[in-house]
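Some notes on the structure that comes next.
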Amino acid sequence: MSLETTRQLKHDTPDHDRRLDGMAQGVLGTDMDRPEGPLKVSGRATYAAESRPEGMAHGYLVRAATIGRITGSNAEAIRAMPGVLHVLEDERMIRNAAQGMAGQSPVQKQGQSWYVGQPVACVVAETFEQARHAAQAMMVTIEPDGTHVFDAEAEGAEIDTPEKKQVSQGDLDSAMAQAAFSIDHDYHTPSMSSAAMEPHASIAQWDDEGRVTLRGSYQLLRFNKNELADVLGVAPDKVRILSPYVGGGFGSKLGLAPEAVAAALAAQALGRPVRVVLHRRQVFETVTRRSETKQRIRLACDADGKLTGIGHENLVSQLPGEVFSEPVAQGTHFQYAAPNRVVGHNIARIRRSAAGSVRAPGEAVGVTAFEIAVDELAKSAGIDPLEFRLRNVPDKHPENGKPFSSSTMEATLREGARRFGWQHSQPRQRREGEWWIGTGMAGAVRVNMMIEAHARVVLTGTGARVECDMTDIGTGSYAILTQVAAEMLGFAPAQVETVLGDTDLPPASGSGGSFGAASTSTAVYLACMELRERLAAKIGVKETELTLKDGVATHENRQTPLAEVLGDEEWRALGHLKPGRAGREVRQATWGAIFAEVAVSDVTGETRVRRMDGTFAAGRILNLKTARSQCHGGMIWGIGLALTEALEHDPRDGHMVNRDLAEYHLPVNLDVPQLGVHFIEERDDWANPLQAKGIGELSICGAGAAVVNAIENACGVRVRRLPATLDQVMEGLIAQG
Amino acid sequence: MRAFDYIRAGDTAQAVREGAGQETRFIAGGTNLLDLMKLEVMAPERIVDITRLDLGGIEETQDGGLRIGALVTNSDLAADARVRRGWPVLSRALLAGASGQLRNKATTGGNLLQRTRCYYFYDRGEPCNKREPGSGCAAMGGTNRILAILGTSEHCIATHPSDMAVAMRALGARVEVEGQDGTREIALDAFYRLPADTPHIETVLAPGELITAVILPAPAGGRQIYRKVRDRSSYAFALVSVAAVVEVENGRIAKAQLAFGGLGPMPWRDAKVEKALVGEAPSPALFDRAADILLAEARGHGGNDFKIPLTRRTLAAVLSQATEAAA
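Protein sequences appear in the order of chains A and B.
Per full-length UniProt numbering, the very first residue in the first sequence carries number 1; after that it's consecutive.
Per full-length UniProt numbering, the very first residue in the second sequence carries number 1; after that it's consecutive.
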C-alpha cells in the first residue's frame with residue numbers, strides 16, 4: 001500500500017507542546033556520527049564531477065580579459081584544434097552565478113562582457129586537456145564601451161540608495177552632540193570568497209524525451225531547477241538536478257553558476273553528456289563574492305554607558321543588474337537598544353565580479369565591524385566591554401517594538417565570560433618576550449529564518465526512509481534528518497535511511513541562510529507526526545499515548561512491534577512546512593559571545609590567536625557534533641576575516657588579482673588554536689515545533705571582532721580596515737613609538 | 001596545457017644533451033612547473049624527466065662541507081641530522097617553506113629555479129615582461145604588496161620565492177652544474193641575475209645546463225636563525241625573511257652572514273651590511289646602521305612600501321637575538 005497523506009503546518013503560532021522532549025529513542029541532540037561519513041572518507045561518496053557517463057565530453061570556460069561589447073572571436077580556428085567538438089558562444093550563457101533563491105535565470109551574457117573574468121564562451125573537446133588548451137587559445141574580441149569604475153569609494157561611482165533600506169528614528173546628531181561618550185569611525189571589510197573545497201562542477205545529459213539531468217554541486221535544488229529551466233527555455237519538469245554530496249557551499253552554490261548552463265547547452269548541442277568543471281581561478285571570478293564594505297559607525301552613550309544613539313551607514317558594491325546587496329546592518333536593527341537610530345544602505349554599481357550571499361550575509365561583516373565599534377565606545381567610557389554590552393541588552397526589538405521570540409544575549413555573554421575567565425584589563429599590560437598578549441570579546445547575533453519545505457517519510461515495519469531534495473553541504477543534513485525521523489518513529493538511526501539531493505524527490509528548503517536544518521527538519525517532523533497519528537489510529541490509541549522505541553509501540557502497558565502493525569505495508573507521509581506569522585510577529589534570532597586571546601609581535605605586527613572560546617544559543621541543538629563543527633568553522637572564518645582573508649582587486653580594471661588558494665589566505669591549521677564551543681540549551685517555541693534554530697552562520701557573526709579587539713588590548717593598536725595584516729599593526733606600533 | 005614531448009633521461013649526459021634543445025625544460029618534483037604549464041604560463045615543447053638520474057644523496061666533502069644532490073627532496077634535506085647539526089639555518093628555512101606535501105616532492109635543484117609568485121606573472125590576461133618579454137609590467141601600477149623593493153628594474157619587480165635559497169646564500173653555497181662542456185661550479189652569489197631589461201632570464205645557466213648538486217662549505221658555526229615574516233603562520237611566501245649566521249667573540253661581532261628573502265628578484269645578500277657589523281659591538285644603533293646600508297637603495301611601489309620598515313625591524317630583532325648573551 002502506498003497511500004501518501006500530507007500534514008501541513010502554516011507556521012503562525014508558537015508550539016508549546018515540545019513533543020520532541022517526550023520522545024523515547026534518545027538519539028536527537030546527541031553527537032551521532034554522520035551516516036554518510038564513511039563514504040566520504042573512503043572516497044565512495046560521488047561528488048558532482050565524479051560520475052562517468054558514457055561518451056562524456058569536456059568543456060572549459062573562456063574568460064573575458066576586458067570589459068565591453070563582444071564583437072567576434074577566433075572560434076573558427078579553435079574548432080580546428082585537436083579534439084575540439086564544439087565552441088559554445090550561446091547568448092543564454094550566464095555572466096555570473098544566480099543570486100540565492102532567484103528561481104529564474106540569472107543575468108545572461110547579452111553580447112557583453114560586464115567584468116574582467118566573465119565567462120564568454122565554452123570550448124568542448126574529447127579530453128579535458130584538449131578543452132582547456134583550446135579554451136586558453138580562444139580569443140574573444142571585445143570593444144570597449146566607455147570608462148568604468150572599479151572601486152565603490154572612487155569618484156564617479158554610481159550609488160543606489162534604496163529608500164526602503166534606510167532607517168531613521170529620533171535625532172542621532174543631537175544624541176551624538178549631547179553624549180557623554182561617542183565614537184564616529186569608518187570601518188572597512190574586504191571583498192571575500194567562499195573558497196569551498198569542492199570547485200563547482202556540472203555534468204549534463206539529455207535524454208530522448210528532451211529532459212536534462214544535471215549532476216551538480218548546489219545548495220538550493222528546487223530553486224536551481226527553475227533557474228536552469230528558465231535559462232534553457234524548458235518547463236521545470238524537464239530538468240532534474242542531482243546533488244547528493246556537496247563539498248562545501250557557504251553561499252557560493254546557492255544559485256546556478258555558469259558551468260551548469262554551459263554544460264547543459266553544450267550537451268544539448270552535441271547530443272552527448274558534457275562535464276564542465278570550474279578551475280579554482282574561475283570559481284573565484286565567476287561565483288558570487290562577498291562585497292567589500294565601508295561602514296560608518298556612530299555610537300553615543302550616557303555617563304553610565306547606556307547607548308543613546310546608533311548610526312550604521314554602509315556602502316557595498318555590486319554589478320549592475322543584480323538584485324542582491326550585502327545587508328550589512330541586518331543585525332544592527334535589533335542587537336542593541338538606543339532611541340536615536342540611523343541605518344543607511346548604499347550600493348555602488350561598479351565593475352567588479354558579482355557580489356552575493358556568502359556565509360552569514362549581513363552579520364558576518366556588519367556585526368564584526370559593529371562589535372569593534374562597541375569595544376571602542378566601551379573603552380572611551382572606561383567600562384569593561386562585557387559590562388558595557390550587558391548594560392545595553394534590549395528587552396524588545398528596538399526599532400519596531402516587537403518582542404523577541406527568546407533572547408539569550410545576556411545568558412551567552414555571562415556564560416561565555418565565565419568559561420573564558422574574562423577579566424578586562426588596560427592595553428599593553430602583558431608581554432612575553434617580543435609578544436604583547438591581550439584579550440578581546442564580541443557578541444554574536446544572527447537572524448533566524450525558516451522557508452517552505454517538503455519532506456516525505458516512508459515507514460515500514462522495520463525502519464523508515466526520509467526523502468527530499470534537501471542538500472548536505474557538509475553541514476550534517478543526512479545526520480540530523482535521520483535523527484529526527486529515528487526519534488519520532490522510534491528506530492535506531494541505522495534503521496533510517498535518508499535520501500537527499502534529487503529534484504525528483506519532494507522539494508525541501510535546501511541549504512542556505514542557516515534555514516535548512518530547522519525548515520527541512522520540521523517537514524520531516526510533520527511527516528513523522530502524520531505517521532504517528534496513523535499508527536495510533538490503527539492500534540486504537542491516542543497519538544499522545546503512543547511511545548515508539550526500537551521498533552516497538554508501547555501504549556497502555558502493551559507492546560506491539562511495528563512489524564506487526566504494518567505487516568508488509570509501506571506507509572508514506574508528506575510533511576509540508578509553510579512559513580507564517582510566527583516569523584513576522586516576533587523577532588527570532590540566535591545569539592552568542594566570543595572571547596579571544598592573542599599575541600602580537602612588537603617587531604613585525606604579526607598576530608597569533610592563542611585561545612578562542614564561543615558560547616552560543618540556537619534553540620534545540622539537533623546534533624551536538626555537527627553543530628559544534630559549524631561553530632568551529634565560523635570561528636575559524638572569523639580568524640580569517642580578522643587577520644588573513646582579502647580578495648585583492650586590481651585598481652585599473654577591477655579584476656581579482658589573488659584568485660588562487662596560495663595567495664587568497666585562508667587561515668591554516670597553525671593559525672587556529674584549540675577552539676572552545678559551548679551551547680546554552682534553549683527551546684524557542686516560536687521557531688518551529690522542534691524549537692530548533694539555525695546554527696550554521698551564527699559563530700562567524702562577531703568572531704573576527706573578538707580577535708581585532710584583542711589586538712587592541714594586547715598592543716594598543718586599533719585596526720579598522722580588515723584584515724588586520726601585520727603591516728597595519730606594525731605601522732600602528734611605529735606610530736605609538 | 002600544451003601537448004609536449006616527454007623524454008626520460010637515463011643518465012646525466014643524455015639529460016644535458018636533450019635539455020639543450022629548443023623550448024625544453026627539466027622536470028623533477030614538478031611542484032612549480034606543472035602548475036605553470038597547466039596555466040600555460042610556461043609551455044615547453046619538451047620535458048626532460050631527470051628523476052631517474054643518480055643525483056640523490058647527501059655526502060660529506062673533504063673540507064667538512066656537504067654535497068647535496070640536486071634530487072634530494074626538501075623534506076629529506078631538512079631532516080638530515082648533519083644539516084640540522086652543522087647548518088641549522090638551512091633546515092629551518094626549508095621547514096618554513098611550502099607545505100609538508102610539497103616538500104616531499106620538491107627537490108633541491110628545482111627549488112633554486114622556482115619562478116616568481118607575482119600575481120601578474122601567473123595571469124596570462126595581464127602584461128608581464130618575465131612571461132612575455134616586452135609586454136610590460138602590470139605589477140608596477142597594480143597590486144604589489146608581495147613584490148620586491150631591492151634589485152628591481154623598470155621592467156620587473158618580482159621576487160624570488162624560495163626560503164631554501166636564502167639560507168644557502170647566507171651559508172655561501174655553491175651550485176654544481178653539468179653542461180655539454182662539462183661540469184662547473186657557480187657560487188650562489190653569482191648564480192642569479194638581476195632583471196634589468198631581461199627579467200625572463202633569471203640565472204646564469206646556459207641552455208641544457210643541469211644543476212647536479214649544491215655544495216655547502218664547512219659548518220659556519222655561530223648562531224643560526226631563519227626568521228620568516230608572512231601573512232599567515234604557514235603556507236605563505238615570505239614578505240620578508242632573514243637568514244643569519246652570526247658569531248660574537250669578546251663582545252664584538254666576529255662573523256655576520258646575512259641573506260634576505262621577499263625583498264628582491266634573488267635571495268639577497270649585501271657584503272656591505274656584513275662588513276659594517278663585523279668587528280663592532282652589538283647595539284640597536286649598529287643594527288639600525290646595518291639596516292640603513294641594506295635599504296639604501298630600497299624602493300617601494302605603494303603596496304609594498306611597508307617592507308622597508310618591516311625589514312629594518314626584523315633585521316634588528318634577528319641580530320639582537322643572534323648576539324644577545326647566552327642565558
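Each residue gets a CB set at the ideal place from its N, CA and C atoms; glycine is no exception.
Since the structure is predicted, the reported quantities are computational estimates derived from the model, not experimental observations.
Roughly how many angstroms separate the alpha carbons of B/Tyr6 and B/Arg174, rounded to a whole number?
Against the second sequence, residue 6 of chain B aligns to sequence position 6. Against the second sequence, residue 174 of chain B aligns to sequence position 174. Going from the Cα of B/Tyr6 to the Cα of B/Arg174 covers about 30 Å.
Would you say A/Asn74 reaches chain B, if we count a Cβ-Cβ gap shorter than 7 Å as a contact?
What you label residue 74 of chain A is simply residue 74 of the first sequence in a count that begins at 1. Chain B contact via Cβ: absent.
Can you tell me the Cβ-Cβ gap for B/Val72 and B/Gly86, rounded? I've got them flagged as a contact below 8 Å.
Translated into the one-based positions of the second sequence, residue 72 of chain B becomes position 72. Translated into the one-based positions of the second sequence, residue 86 of chain B becomes position 86. Wrong, their Cβ atoms sit about 16 Å apart, outside the cutoff.
Answer yes or no: the CB of A/Trp114 versus the heavy atoms of the ligand COA, is any distance below 6 Å?
Among the components of this structure there are no ligands whatsoever, and the ligand COA is therefore not found.
Could you give the DSSP three-state label for A/Met1: helix, strand or coil?
Indexing the first sequence from 1 puts residue 1 of chain A at position 1. With a pLDDT of 49 at A/Met1, under the threshold of 50, the modelled position of this residue cannot be trusted; read the value that follows with caution. A/Met1: coil per DSSP, three-state reduction.
Report the partner residues of A/Ala593 according to the DSSP bridge assignment.
Taking the first sequence and counting its residues from 1, one reaches residue 593 of chain A at position 593. Paired residues: A/Gly443, A/Thr615.
Could you give the first and the last residue of the continuous alpha helix (DSSP H) run that contains A/Glu313?
Numbered from its first residue, the first sequence carries residue 313 of chain A at position 313. Per DSSP, A/Glu313 belongs to no alpha helix (DSSP H); it is in the beta strand (DSSP E), 307–318.
Measure from the C-beta of B/Asp231 to each C-beta in chain A and report whether the shortest distance is under 7 Å.
Translated into the one-based positions of the second sequence, residue 231 of chain B becomes position 231. Interface residue, yes.
Would you report the Cα separation of A/Arg7 and A/Glu585, rounded to the nearest angstrom?
Here residue 7 of chain A refers to the residue found at position 7 of the first sequence. Here residue 585 of chain A refers to the residue found at position 585 of the first sequence. Taking the straight line joining both Cα atoms gives about 24 Å.
Whole-angstrom Cβ separation of A/Glu533 and A/Glu543, contact assumed at under 8 Å?
Here residue 533 of chain A corresponds to residue number 533 of the first sequence, with the count starting at 1. Here residue 543 of chain A corresponds to residue number 543 of the first sequence, with the count starting at 1. Confirmed, Cβ separation roughly 5 Å.
Scan the stretch 281–315 of chain B for residues whose Cβ lies nearer than 7 Å to a Cβ of chain A and list them as they occur along the chain.
The stretch 281–315 of chain B vs chain A, Cβ under 7 Å: Phe306, Pro309, Leu310, Arg313, Thr314.
When burial is assigned at 16 or more other CB atoms within 10 Å of the CB, is A/Asp207 buried or exposed?
On the first sequence, residue 207 of chain A is found 207 positions in, with the first residue counted as 1. Exposed.
Please tell me whether A/Val496 and A/Ala518 are closer than 7 Å, where the distance is taken between their beta carbons.
As a position in the first sequence, residue 496 of chain A is number 496, starting the count at 1. As a position in the first sequence, residue 518 of chain A is number 518, starting the count at 1. Going by C-beta atoms, A/Val496 is not nearer than 7 Å to A/Ala518.
Here's the rule: buried if 16 or more other CB atoms are within 10 angstroms of the residue's CB, otherwise exposed. What is A/Gln118?
Here the question's residue 118 of chain A lines up with position 118 in the first sequence. The residue in question, A/Gln118, is buried, as its Cβ has 16 or more Cβ neighbours within 10 Å.
On the DSSP bridge assignment, give the partners of A/Gln335 in chain order.
Within the first sequence, residue 335 of chain A is the residue found at index 335, counting from 1. Per DSSP, none; premise fails for A/Gln335.
To the nearest angstrom, how far is the alpha carbon of A/Gly271 from that of A/Ser252?
If you number the first sequence from 1, residue 271 of chain A lands on position 271. If you number the first sequence from 1, residue 252 of chain A lands on position 252. Using only the alpha carbons, I get a separation of about 29 Å.
Check whether the stretch 169–181 of chain A and the stretch 288–305 of chain A touch, using three or more Cβ-Cβ pairs below 8 Å as the test.
Segments in contact, yes.
Does the beta carbon of B/Ala317 sit closer than 7 Å to a beta carbon anywhere in chain A?
Here the question's residue 317 of chain B lines up with position 317 in the second sequence. With 7 Å as the cut-off, B/Ala317 counts as an interface residue toward chain A.
How long is the line joining the alpha carbons of A/Gly638 and A/Ala589, rounded to whole angstroms?
Counting from 1 along the first sequence, the entry for residue 638 of chain A is found at position 638. Counting from 1 along the first sequence, the entry for residue 589 of chain A is found at position 589. Using only the alpha carbons, I get a separation of about 19 Å.
For a quick check, are the C-beta atoms of B/Gly142 and B/Val16 less than 7 Å apart?
Residue numbering aside, residue 142 of chain B sits at position 142 when the second sequence is read from its first letter. Residue numbering aside, residue 16 of chain B sits at position 16 when the second sequence is read from its first letter. No, the pair does not count as a contact, with Cβ atoms beyond the cut-off.
How big is the Cα-Cα spacing for A/Glu285 and A/Ala195?
Translated into the one-based positions of the first sequence, residue 285 of chain A becomes position 285. Translated into the one-based positions of the first sequence, residue 195 of chain A becomes position 195. If I take the Cα positions, the gap works out to 11 Å.
Between which two residues does the alpha helix (DSSP H) carrying A/His133 extend?
Within the first sequence, residue 133 of chain A is the residue found at index 133, counting from 1. Where A/His133 is concerned, the enclosing alpha helix (DSSP H) stretches over 128–137.
Interface residues of chain B around A/Ser734 at Cβ under 7 Å?
Along the first sequence, one-based indexing puts residue 734 of chain A at 734. Note that residue 734 of chain A is Ile in the sequence shown, not Ser. Within 7 Å Cβ-Cβ: Pro309.
Pair every Cβ in the stretch 397–416 of chain A with every Cβ in the stretch 361–381 of chain A, then say whether three or more of these pairs are closer than 8 Å.
Too few Cβ pairs lie closer than 8 Å, so no.
Could you tell me the alpha carbon to alpha carbon distance between A/Glu399 and A/Pro320, rounded to whole angstroms?
Locating residue 399 of chain A in the first sequence gives position 399, where the first residue counts as 1. Locating residue 320 of chain A in the first sequence gives position 320, where the first residue counts as 1. Their backbone Cα atoms lie some 31 Å apart in a straight line.
Are there three or more Cβ pairs, one per stretch, closer than 8 Å when the stretch 644–654 of chain A is compared with the stretch 43–54 of chain A?
Short answer: they don't touch.
Run through chain A and tell me which residues come within less than 7 Å of residue 328 of chain B, C-beta to C-beta.
Chain B is shown only over 1 to 327; residue 328 of chain B falls outside these bounds and no answer can be derived.
Strictly below 7 Å CB to CB, what residues from chain A border B/Glu59?
As a working mapping, residue 59 of chain B is identified with position 59 in the second sequence. Near B/Glu59 there are no residues of chain A at all, since even the closest Cβ is about 34 Å away, more than 7 Å.
Determine the chain A residues that contact B/Met1 at a beta-carbon separation under 9 Å, and present them in chain order.
Position 1 of the second sequence holds residue 1 of chain B. Within chain A, the residues near B/Met1 are Glu129, Arg132, His133, Gln136.
By Cβ distance, which residues of its chain are closer than 8 Å to A/Glu153, with the 5 residues on each side in sequence left out?
Along the first sequence, one-based indexing puts residue 153 of chain A at 153. So the qualifying residues of the chain are Lys294, Leu315, Ala348.
Taking 7 Å as the threshold (C-beta atoms), are A/Gly68 and A/Ile159 in contact?
For the purposes of this step, residue 159 of chain A is identified with residue 159 of the first sequence, where counting begins at 1. For the purposes of this step, residue 68 of chain A is identified with residue 68 of the first sequence, where counting begins at 1. Not closer than 7 Å, so no.
Under 8 Å by Cβ, that's how I've got B/Glu45 and B/Glu18 pegged, so tell me the actual separation to the nearest angstrom.
Residue numbering aside, residue 45 of chain B sits at position 45 when the second sequence is read from its first letter. Residue numbering aside, residue 18 of chain B sits at position 18 when the second sequence is read from its first letter. Wrong, their Cβ atoms sit about 12 Å apart, outside the cutoff.
Round the Cβ separation of B/Thr108 and B/Ile68 to the nearest angstrom and send it over; I've been treating them as touching at under 8 Å.
As a working note, residue 108 of chain B is residue 108 in the second sequence. As a working note, residue 68 of chain B is residue 68 in the second sequence. Yes, B/Thr108 and B/Ile68 are in contact; Cβ-Cβ is about 5 Å, under 8 Å.
My understanding is that A/Val234 touches A/Ala257, with C-beta atoms under 8 Å, so please give their C-beta distance in whole angstroms.
Numbered from its first residue, the first sequence carries residue 234 of chain A at position 234. Numbered from its first residue, the first sequence carries residue 257 of chain A at position 257. Actually they are not in contact, since the Cβ atoms of A/Val234 and A/Ala257 sit about 19 Å apart, beyond 8 Å.
Which residue comes first and which comes last in the alpha helix (DSSP H) that contains A/Cys631?
Within the first sequence, numbered from 1, the residue matching residue 631 of chain A stands at position 631. Per DSSP, A/Cys631 belongs to the alpha helix (DSSP H) from 624–639.
By the three-class DSSP mapping on this structure, what secondary structure does residue 738 of chain A have?
The structure shown does not extend to residue 738 of chain A, since chain A spans only 1 to 737, so no value can be given for it.
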